[in-house]
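Enquirer: Just so you know, the sequences run in chain order A and B. Under our numbering, residues 326 to 815 are what the first sequence spells out, in order. Under our numbering, residues 326 to 815 are what the second sequence spells out, in order. Heads up, the beta-carbon is just placed ideally off N, CA and C, and yes, glycines get one too.
Protein chains: 2
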Amino acid sequence: MLLEPFTINGMRLANRVVLTAMVTRLSGEDGHVNKDIRERYVRFAKGEPGLIVVEAMAVHEAKSGPLLRIGYDLFLPGLTDLRKAIHDAGPVHVIPQIIHFLKIARSGWRQKVSDLSREEIRGIVTAYAAAAGRARSAGYDGVELHMAHAYTLSSFLSLRNTRTDEYGRSLENRMRLPTEVIAAVRSEIGEEFPLGIRFDAEECIKDGYTLLDSRQMALRMARAGADYLSLSAGGKFEDAIHKPGDPLYPYTGYSGDRCMPAAAYPDGANTYLATGVKSFLLSQGWETPVVTTGKIRSPEDAEAILRRGDADLIGMARALLADPDWTLKVREGRREKIVRCIYGNVCKNLDENFKKVRCVLWPKGALQAPVSLDSIAPTWPSGRSLVATEETGRVHLFWKAAADSDGVYGYEILRSENGEAEIHLTTVKGCSYNDYDVVAGVTYTYRVRAYDLAGNRSEESDPAKAILSYPEAARARMERGRPATHGRRP
Amino acid sequence: MLLEPFTINGMRLANRVVLTAMVTRLSGEDGHVNKDIRERYVRFAKGEPGLIVVEAMAVHEAKSGPLLRIGYDLFLPGLTDLRKAIHDAGPVHVIPQIIHFLKIARSGWRQKVSDLSREEIRGIVTAYAAAAGRARSAGYDGVELHMAHAYTLSSFLSLRNTRTDEYGRSLENRMRLPTEVIAAVRSEIGEEFPLGIRFDAEECIKDGYTLLDSRQMALRMARAGADYLSLSAGGKFEDAIHKPGDPLYPYTGYSGDRCMPAAAYPDGANTYLATGVKSFLLSQGWETPVVTTGKIRSPEDAEAILRRGDADLIGMARALLADPDWTLKVREGRREKIVRCIYGNVCKNLDENFKKVRCVLWPKGALQAPVSLDSIAPTWPSGRSLVATEETGRVHLFWKAAADSDGVYGYEILRSENGEAEIHLTTVKGCSYNDYDVVAGVTYTYRVRAYDLAGNRSEESDPAKAILSYPEAARARMERGRPATHGRRP
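Rendered as C-alpha cells:
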C-alpha cells in the first residue's frame with residue numbers, strides 16, 4: 326500500500342510517503358526563498374515522496390529568525406520559483422505549510438492567546454486566508470494550516486487557553502478560531518484546492534489535552550472542510566527550557582521529545598494517536614485521510630500501519646533528511662541502500678540553537694544530502710575484524726577503517742541478542758563505539774558494515790560476541806534461572 | 326477473572342483488585358502508626374480488595390514530613406498493630422511499601438544519585454534488607470520495594486542517572502543497585518516471603534526512559550527474585566514545579582499528570598505499559614505477575630484488561646479512596662451503588678500541599694470514607710426537573726435539591742450524545758454544573774441522580790437536552806454534512 330497512489334481532493338499522490346514540514350533555517354531573515362532552500366527541496370523531490378510539505382512560512386509580518394514568508398505578494402515570485410523547481414525535480418506534489426505565531430522575547434516573555442484583542446483575532450483569520458490564496462496563486466498543489474505545537478492556532482486549541490470569552494476555556498470555544506480560519510481559507514481557495522491541517526493529537530504537557538479532545542478537533546476540522554489531517558504531538562512553549570538571553574524555544578522540553586521521538590523511544594511512538602483519531606472519524610462517518618508521524622523508519626512498519634488502517638499516509642521528516650532517496654530506494658528494491666536515521670536528534674539540536682539544519686550523517690560540511698551514482702561498495706582493505714570488549718556495564722567495539730572509491734560515509738552497527746534477528750543498532754562515522762544499551766546475561770553478536778555516499782554496503786565484518794556478567798550480589802540466582810517458587814501459580 | 330483468586334508466591338489473594346500504595350499524610354512526623362492511619366486502612370480492608378499495599382514507609386532515618394517509618398525496631402509494635410487491625414477487618418492480604426529517598430531542601434536543592442558515596446550506596450542495600458525483615462517480623466504478607474517516581478532506586482534506574490562508575494549511565498549499571506537491593510532483601514526474607522516491586526514503566530520526562538528500557542528492567546527484577554511487578558509512570562523531580570519556600574515536590578509537573586491521570590486522560594491511560602512489559606516477560610519465559618494502574622475505574626474495563634492478558638492484577642488508588650467498598654459492591658452485584666471517582670485530583674492536590682489526603686466526594690470534614698447501612702435512596706421532593714441552558718460554548722445545568730434520610734452525598738451527572746449510551750460525566754455536591762466538554766452540532770441529553778452515603782441512587786431526573794450552534798463563519802458548511810469533494814477517494 327505504501328507505494329500505491331492516493332488521492333486527496335483531486336490531488337493524486339504517487340505514493341503514501343509524506344515529507345512533513347521540517348524547519349531548515351536555510352532562509353534569510355528577509356523571508357525570501359534562496360538558493361539553499363531551493364536546493365534542499367529539490368533534493369527531497371528527487372527522492373520522490375508522494376507529497377512534500379514545505380517548511381512553515383509566516384502569514385503575517387512578525388519579527389523572527391530565518392523563516393520563509395507568504396504574508397505579502399512580494400514573496401510570490403520566490404515561492405513560485407521554489408514550487409516550479411520542486412515540480413521540475415520529480416513526480417511529487419508540493420504544499421506549503423502556513424503559520425501564524427505570537428511574539429516572544431529574549432527575556433523569556435511570550436505573548437499569550439489571552440492577550441489578543443478581537444481585532445487581532447480577526448487579523449489572524451484574514452492573514453491565513455490571504456496566504457492560502459497566495460499558495461494557490463504560486464501554483465502549489467494545496468496548502469497546509471499549522472495548528473500544531475507552540476503556535477497561535479494550537480495555543481487556541483490548547484487546554485491551557487485561558488481566554489474567558491467565546492474563544493477560550495470550553496472545547497467548543499477553543500475550536501472557534503481554528504474553525505473560522507478553515508472557513509475563511511476554504512472560501513478563499515475554493516472547494517477544489519486541497520487543504521490540510523497539522524495539529525497536535527496530544528499536547529504532552531501538564532494540564533494539556535489528550536485524544537479525548539483531539540479526536541473531536543479532528544472531526545471538527547473534517548466537517549469544516551479539511552482534506553487531510555496530519556497529526557503531531559507536543560512541541561509546546563509551556564515546558565520549554567529558557568536559555569537566558571535567547572527567546573523561549575519550543576521542543577526543548579519533554580513535549581519536544583514527544584514531538585520528535587529520539588533513540589530512547591520505541592518506533593512508531595505516536596502511532597496510537599493516529600489509531601485513536603482515525604477510528605473516531607470513521608465511527609462518525611468521515612473518511613478524511615490521516616497522516617501519522619513519529620519515528621516511523623522502516624518500510625515494513627509503514628506498510629503495517631497502512632494495512633491496519635491506523636493511518637492513510639506515512640509522514641517522515643528526519644528519516645528523509647538522512648536519506649531523501651528513501652522512497653525511491655524502497656520502490657526500486659534497493660532498500661538495503663537506505664541511509665538510516667539514527668534518531669540522535671542532532672538536527673533538532675541545530676534548530677534549537679538557531680543553526681542551519683543538516684543531518685549528522687551527512688559528509689562533514691555538507692549543506693545537503695549527498696548524491697552519488699557510485700555502485701561499488703566499500704571494502705575492508707585490512708581485514709574484516711571487529712573487536713568487542715566487555716567493560717563494566719557496556720560493550721566497547723572497534724574495527725579498522727574501510728575504503729571506498731567514492732568515500733566511506735559511515736559504519737552501521739548491527740546487533741543480535743541470543744542469536745535472534747539482527748537489528749540496526751546505530752551508525753557512526755568513526756571506527757569505535759560504546760554500546761551502553763546492554764544487559765547482563767545476554768549474548769550480543771555484533772557486526773559492522775561500511776557504506777558509501779550512495780548507500781552501498783560493504784560485506785559485514787566478522788562477528789564479535791560479548792556477554793556481560795550479572796551483578797555479583799545476585800549472580801547465583803540469576804544464572805540458575807527461574808526458581809520454582811516464582812511466577813504465576815493460580 | 327477480576328473476582329477470582331490469584332496466588333503470588335504462596336499468598337492466595339481473594340481477588341485481583343490491588344489497592345496500590347497511596348500517600349495519606351495521616352501519620353505524625355514521628356513516623357509511628359496512629360489512629361487515623363489505622364482507621365484509613367481498616368476502612369479499605371472492609372471493602373475487601375485482594376491486596377492492600379500500605380503507603381510508603383522509610384527504610385532509613387531521614388528528615389521528612391509526615392511519613393511512616395520502618396527503619397528501626399522501635400516502629401515494629403505500631404506496624405504490627407496496623408497489620409493486625411487490617412487482617413481483622415477483612416479477608417485481605419497486606420504488604421507495606423518500603424522506600425528510600427534522597428535529601429531535598431526548601432531552597433529547591435535536591436541530592437542526586439551522583440552525590441552518593443560507595444558507602445552510602447551500601448547503606449541503602451542494608452537498610453532495605455533490614456526493613457524487609459521487619460515487615461516480615463510484623464506479620465505482613467509480603468513486602469513491596471519502591472523503585473518508582475522520584476525516589477532513590479528510581480533515580481538509579483533513570484536515564485538521567487549521570488554516575489560515571491558502575492552504578493550509572495549504561496542500562497546494566499543503572500540496574501545494578503536495584504539488583505543488589507533485591508538480592509539482599511531476598512536473602513533477608515527467604516524464598517517463601519512475597520516480594521513485589523513498584524517501578525516506572527516510563528519516566529515521562531525529557532530524556533527519560535521508555536518501555537525499551539523498562540521491559541528489560543522488568544525482566545531483571547523477575548530474574549533477581551521479584552514475585553510481582555507493579556507498574557507506575559512518571560512522578561519525577563526533574564519536571565517538578567518549585568514553589569519558593571517549599572521543598573521540591575514530585576507529581577507537580579507533567580510526569581505527575583501521567584502518574585495519576587486526571588479527567589483529561591482516557592481511561593486506562595497507562596495500560597499500554599503493562600501490555601509492553603507483560604508481553605516481553607512472556608516472550609522471555611517469565612510469568613511474573615504484573616499489576617497495572619492508571620485511571621482504571623470500571624469493572625468492565627478491569628475485566629477486559631485481565632482477559633486480554635495485558636496484566637494479571639488491577640491496581641487502583643483514587644477509585645478506592647472514593648469508594649473503599651468498590652470490590653465488595655462489584656462482588657455483591659451492587660455495582661450501581663459504587664461512589665465513582667471523578668479524577669479531579671483534589672486528593673493529589675492535598676498531598677502536594679502537604680495536607681491530609683481525603684476525597685473531595687466525602688462529606689465535608691470527614692477524614693475517612695463514610696459507612697452507611699442505609700438502603701433507602703434519596704428522593705426528589707420538589708420534582709425531577711433538570712434545566713439545561715445553552716451558553717456560548719458550554720451547557721449550564723441546574724436542578725432542585727434531593728432529600729435523603731441519611732444525607733445526600735452528591736449528584737451524578739449522566740450524559741448521552743446523539744442518543745448513544747449514557748456515560749457518567751462527573752459528580753458534584755451542589756445543584757448546578759457547567760459542562761465545558763461539549764462541541765457544537767451534538768445533541769446532549771443530560772440526566773441527574775442523587776445518591777446517599779451508601780451509594781443508593783435516586784430516580785433519574787427528567788432528561789434535559791442541549792445543542793450548541795456551530796461557529797457562525799462555518800455554520801452553513803457544517804450543517805450540510807460532508808461535501809462531495811472531501812474524504813478519501815483513491
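What is the residue span of the beta strand (DSSP E) that Asn678 of chain A lies within?
Expert: On the first sequence, residue 678 of chain A is found 353 positions in, with the first residue counted as 1. Counting along the chain, Asn678 of chain A falls outside any beta strand (DSSP E), and DSSP gives it neither H nor E.
Enquirer: How is the beta strand (DSSP E) around Ile667 of chain A delimited, first residue to last?
Expert: One-based indexing of the first sequence puts residue 667 of chain A at position 342. No beta strand (DSSP E) holds Ile667 of chain A; DSSP gives it neither H nor E.
Enquirer: To test your reading of the DSSP string, which unbroken beta strand (DSSP E) runs of 3 or more residues are found completely within the segment 783 to 810 of chain B?
Expert: For the segment 783 to 810 of chain B, whole beta strand (DSSP E) runs of length 3 or above, ordered along the chain, are 789 to 791.
Enquirer: When you check each C-beta in the segment 771 to 783 of chain B against every C-beta of chain A, which residues fall closer than 7 Å?
Expert: Those would be none; no residue qualifies.
Enquirer: Pick out whichever of A:Glu628, A:Tyr492, A:Ser604 has its Cα sitting closest to the Cα of Thr478 of chain A.
Expert: For the purposes of this step, residue 478 of chain A is taken as residue 153 along the first sequence, with counting starting at 1. In the sequence under discussion, the amino acid at residue 478 of chain A is Leu, which differs from the Thr named in the question. Closest by alpha carbon: A:Tyr492.
Enquirer: Quick one: which chain B residues come within Cβ less than 9 Å of Leu537 of chain A?
Expert: The residue given as residue 537 of chain A occupies position 212 in the first sequence. Neighbours of Leu537 of chain A on chain B, chain order: Ala588, Ala589, Tyr590, Pro591, Asp762.
Enquirer: Inspect the CB distances between the segment 577 to 585 of chain A and the segment 556 to 569 of chain A and report whether three or more fall short of 8 Å.
Expert: With a cut-off of 8 Å, the segment 556 to 569 of chain A and the segment 577 to 585 of chain A count as touching, because enough Cβ pairs lie within range.
Enquirer: Verify the CB distance criterion: does Pro796 of chain B have a CB-CB separation below 8 Å to chain A?
Expert: Locating residue 796 of chain B in the second sequence gives position 471, where the first residue counts as 1. Chain A, which has a Cβ nearer than 8 Å to the Cβ of Pro796 of chain B, makes this yes.
Enquirer: Consult DSSP for Thr345 of chain A and reduce its assignment to one of helix, strand or coil.
Expert: Numbered from 1 along the first sequence, position 20 holds the residue referred to as residue 345 of chain A. Reduced to three states, the DSSP call for Thr345 of chain A is coil.
Enquirer: Could you list the residues in the segment 672 to 692 of chain B with a C-beta less than 8 Å from some C-beta on chain A, going in chain order?
Expert: So nothing in the stretch comes that close.
Enquirer: Please state whether the Cβ-Cβ distance between Ile333 of chain A and Thr349 of chain A is less than 8 Å.
Expert: The count along the first sequence starts at 1 and reaches residue 333 of chain A at position 8. The count along the first sequence starts at 1 and reaches residue 349 of chain A at position 24. No. Outside cutoff.
Enquirer: Taking its Cβ as the centre, do 16 or more other Cβ atoms sit within 10 Å of Ala727 of chain A, making it buried, or is it exposed?
Expert: Walking along the first sequence from the start, residue 727 of chain A turns up at place 402. It is buried - the Cβ of Ala727 of chain A has at least 16 other Cβ atoms within 10 Å.
Enquirer: Roughly how many angstroms separate the alpha carbons of Leu399 of chain A and Val615 of chain A, rounded to a whole number?
Expert: Residue numbering aside, residue 399 of chain A sits at position 74 when the first sequence is read from its first letter. Residue numbering aside, residue 615 of chain A sits at position 290 when the first sequence is read from its first letter. Between Leu399 of chain A and Val615 of chain A, the C-alpha separation is close to 33 Å.
Enquirer: Helix, strand or coil for Trp281 of chain A, going by three-state DSSP, please let me know.
Expert: Lying before the first or after the last residue shown, residue 281 of chain A is absent from chain A, which here runs from 326 to 815.
Enquirer: So for Met382 of chain B, helix, strand or coil by DSSP?
Expert: Your numbering for residue 382 of chain B matches position 57 in the second sequence. Of the three classes helix, strand and coil, the one that applies to Met382 of chain B here is strand, per DSSP.
Enquirer: Leu646 of chain A: buried (16+ other C-beta within 10 angstroms of its C-beta) or exposed?
Expert: Against the first sequence, residue 646 of chain A aligns to sequence position 321. By the neighbour-count rule (16 or more Cβ atoms within 10 Å), Leu646 of chain A is buried.
Enquirer: Is any beta-carbon of chain B found at less than 8 Å from that of Pro815 of chain A?
Expert: Working through the first sequence from its first residue, we reach residue 815 of chain A at position 490. Note that Pro815 of chain A has pLDDT 33, beneath the 50 cutoff, so the model's placement of it is unreliable and no number is given.
Enquirer: Skipping 5 residues on each side, what residues in its chain have a beta carbon closer than 7 Å to that of Phe481 of chain B?
Expert: For the purposes of this step, residue 481 of chain B is taken as the residue at position 156 of the second sequence. Excluding residues within five positions, the ones whose Cβ falls inside 7 Å are Val438, Tyr492, Arg499, Leu502, Pro503.
Enquirer: On the criterion of 16 or more Cβ atoms from any shown chain inside 10 Å, does Ser710 of chain A qualify as buried, or is it exposed?
Expert: For this step, residue 710 of chain A is matched to residue 385 along the first sequence. Exposed, since its Cβ has fewer than 16 Cβ neighbours within 10 Å.
Enquirer: Per DSSP, Gly732 of chain A forms a beta bridge with which residues?
Expert: Working through the first sequence from its first residue, we reach residue 732 of chain A at position 407. Answer by DSSP bridge pairing: none, since Gly732 of chain A is not bridged.
Enquirer: So Gln436 of chain A packs on Arg523 of chain A, CB below 8 Å; how close in whole Å?
Expert: Counted from its first residue, the first sequence places residue 436 of chain A at position 111. Counted from its first residue, the first sequence places residue 523 of chain A at position 198. No, Gln436 of chain A and Arg523 of chain A are not in contact; Cβ-Cβ is about 21 Å, not under 8 Å.
Enquirer: Using CA coordinates, which residue listed in B:Tyr771, B:Arg485, B:Glu445 is at the minimum distance from Lys428 of chain B?
Expert: Taking the first residue of the second sequence as position 1, residue 428 of chain B is located at position 103. Nearest of B:Tyr771, B:Arg485, B:Glu445 to Lys428 of chain B, Cα basis: B:Glu445.
Enquirer: Could you tell me which of B:Gly708, B:His721, B:Leu793, B:Gly806 sits nearest to Ser786 of chain B, measuring between CA atoms?
Expert: As a working mapping, residue 786 of chain B is identified with position 461 in the second sequence. Among B:Gly708, B:His721, B:Leu793, B:Gly806, the Cα nearest to that of Ser786 of chain B is on B:Gly708.
Enquirer: DSSP three-state label for Ile639 of chain A, please.
Expert: By one-based count along the first sequence, residue 639 of chain A stands at place 314. In the structure shown, Ile639 of chain A sits in a strand (DSSP, three-state: E or B).
Enquirer: Could you name the residues of the same chain whose beta carbon sits closer than 8 Å to that of Pro695 of chain A, not counting the 5 residues immediately before and after it, in chain order?
Expert: Against the first sequence, residue 695 of chain A aligns to sequence position 370. Correct list, in chain order: Trp687, Pro688, Tyr734, Leu778.
Enquirer: Going by CA-CA distance only, name the one from B:Leu698, B:Val767, B:Val655 that's closest to Asn340 of chain B.
Expert: Taking the first residue of the second sequence as position 1, residue 340 of chain B is located at position 15. Looking at the Cα atoms, B:Val655 is the closest of the given residues.
Enquirer: Please list the segments of the beta strand (DSSP E) lying wholly inside the segment 549 to 634 of chain B, counting only runs of 3 or more residues, in order along the chain.
Expert: You should have 553 to 557, 615 to 617.
Enquirer: Got a sec, what are the start and stop residues for the alpha helix (DSSP H) Asn759 of chain A sits in?
Expert: Within the first sequence, the letter at position 434 stands for residue 759 of chain A. Careful: Asn759 of chain A lies outside any alpha helix (DSSP H), inside the beta strand (DSSP E) at 757 to 760.
Enquirer: Any beta carbon from chain A within less than 8 Å of Gly744 of chain B's own beta carbon?
Expert: Counting from one through the second sequence, the residue named residue 744 of chain B turns up at place 419. Judged by the 8 Å Cβ criterion, Gly744 of chain B is not in contact with chain A.
Enquirer: At the level of alpha carbons, what is the spacing between Gly335 of chain B and Leu606 of chain A?
Expert: Here residue 335 of chain B refers to the residue found at position 10 of the second sequence. Here residue 606 of chain A refers to the residue found at position 281 of the first sequence. Whole-angstrom Cα-Cα distance: 48 Å.
Enquirer: How many Å lie between Phe426 of chain A and Ile411 of chain A at the Cα?
Expert: Walking along the first sequence from the start, residue 426 of chain A turns up at place 101. Walking along the first sequence from the start, residue 411 of chain A turns up at place 86. Spanning the two alpha carbons is a distance of roughly 27 Å.
Enquirer: Look up Val753 of chain B in the DSSP assignment and give the residues it is bridged to.
Expert: Translated into the one-based positions of the second sequence, residue 753 of chain B becomes position 428. B:Tyr736, per the DSSP bridge assignment.
Enquirer: Which class does Val773 of chain B belong to by DSSP, given the choice of helix, strand or coil?
Expert: As a first step, residue 773 of chain B is located in the second sequence; it is residue number 448 there, counting from the start. Of the three classes helix, strand and coil, the one that applies to Val773 of chain B here is strand, per DSSP.
Enquirer: Is Phe331 of chain A buried or exposed, if buried means 16 or more other CB atoms sit within 10 Å of its CB?
Expert: Position 6 of the first sequence, counting from 1, holds the residue named residue 331 of chain A. That one is buried.
Enquirer: Three or more C-beta pairs closer than 8 Å, one from the segment 615 to 632 of chain B and one from the segment 551 to 564 of chain A: is that the case here?
Expert: Contact fails: fewer than three Cβ-Cβ distances are below 8 Å.
Enquirer: Quick check on Gly718 of chain B - is its C-beta less than 8 Å from some C-beta in chain A?
Expert: The residue given as residue 718 of chain B occupies position 393 in the second sequence. Yes, its Cβ sits closer than 8 Å to a Cβ of chain A.
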